[in-house]
Amino acid sequence: MDIQAATEFARKMRSLARRADNFGYDRQAVLEEIINIAENYEEVAERIEMNMIVQMQQDRVEAN
Numbered sequence: 894m895d896i897q898a899a900t901e902f903a904r905k906m907r908s909l910a911r912r913a914d915n916f917g918y919d920r921q922a923v924l925e926e927i928i929n930i931a932e933n934y935e936e937v938a939e940r941i942e943m944n945m946i947v948q949m950q951q952d953r954v955e956a957n
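Using my numbering, the letters of the sequence shown map in sequence onto residues 894 to 957.
Structural data, given as structure tokens:
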């Protein structure tokens with residue numbers, strides 16, 4: 894995890910804590926929010942990985 898990702902993650906967790914406190918989220922609502930955040934990070938990671946794969950393939954083709 895790089896600095897930007899860690900900072901973003903911390904921001905999202907603080908935001909969730911504030912919303913949970915302000916709106917009286919129960920345990921289930923907090924868990925659902927955490928799962929949503931995790932799924933969003935997974936999607937971003939998958940896109941980054943796919944872009945890296947495509948770039949490596951393009952680099953390999955250009956090298957040959």
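Note that CB positions come from ideal geometry on N, CA and C, so glycine has one too.
I'd like to check one pair, Ile941 with Lys905: are the Cβ atoms closer than 8 Å? Between Lys905 and Ile941, the C-beta gap is not smaller than 8 Å, which leaves the two residues out of contact.
If you follow the alpha helix (DSSP H) that Asp952 is part of, which residue opens it and which one closes it? Start and end: Arg920 to Ala956.
Look at the alpha carbon of Ala956 and the alpha carbon of Val947, and state the distance between them as a whole number of angstroms. Between the alpha carbons of Ala956 and Val947 lies a gap of roughly 14 Å.
Could you tell me the distance, in whole angstroms, from the CA atom of Glu932 to the CA atom of Met949? Each residue's alpha carbon lies about 26 Å from the other.
What's the gap between the Cα of Asp895 and the Cα of Gly917? When only Cα atoms are considered, Asp895 and Gly917 end up about 32 Å apart.
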